[in-house]
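Residues in the sequence shown are numbered consecutively from 146, following this note's numbering.
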Amino acid sequence: MKNMMNVTEHIRAVVKEYQIELFFKDEKIGTISISPDEQRNLELHQDYVMENGKIFKYMEHLQADHPKAYVEGCDLGWC
146 MKNMMNVTEH IRAVVKEYQI ELFFKDEKIG TISISPDEQR NLELHQDYVM ENGKIFKYME
206 HLQADHPKAY VEGCDLGWC
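In structure tokens:
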């Protein structure tokens, strides 16, 4: 599970009518339908996945933004 962070213990659930909304920090990351007329269905935002009963956040987009070195772009490494 490279480039993924387990966020399961940080998920907060809010019940609203016939669904449960899932939040990581203040970001809504998914919903679970609890309507008696519908099949229970988990829908997660594209940056999240559920595996083996745990919810993970993909971290690829965060790693691509980091510089390769502290002195990147400096003349001969001196800033």
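Even for Gly, the Cβ is constructed at its ideal location relative to N, Cα and C. None of the values given here were measured: they were computed from a predicted structure.
Local Cβ density within 10 Å of residue i, reported as buried at 16 or more and exposed below that
| i | result |
| --- | --- |
| residue 161 | exposed |
| residue 198 | exposed |
| residue 170 | exposed |
Nonlocal neighbours in the same chain, by C-beta distance under 7 Å from residue i, ignoring five residues either side
| i | result |
| --- | --- |
| residue 180 | 163 |
| residue 151 | 199 and 201 |
Backbone secondary structure at residue i - three-state DSSP
| i | result |
| --- | --- |
| residue 162 | coil |
| residue 205 | helix |
| residue 154 | helix |
Other residues of its chain near residue i: CB distance less than 8 Å, five sequence neighbours each side excluded
| i | result |
| --- | --- |
| residue 156 | 167, 168, 169, 174 and 200 |
Chain-order list of residues whose beta-carbon lies under 6 Å from that of residue i (same chain, five-residue window excluded)
| i | result |
| --- | --- |
| residue 159 | 166 |
Span of the beta strand (DSSP E), counted from its first residue to its last, around residue i
| i | result |
| --- | --- |
| residue 178 | 172 to 178 |
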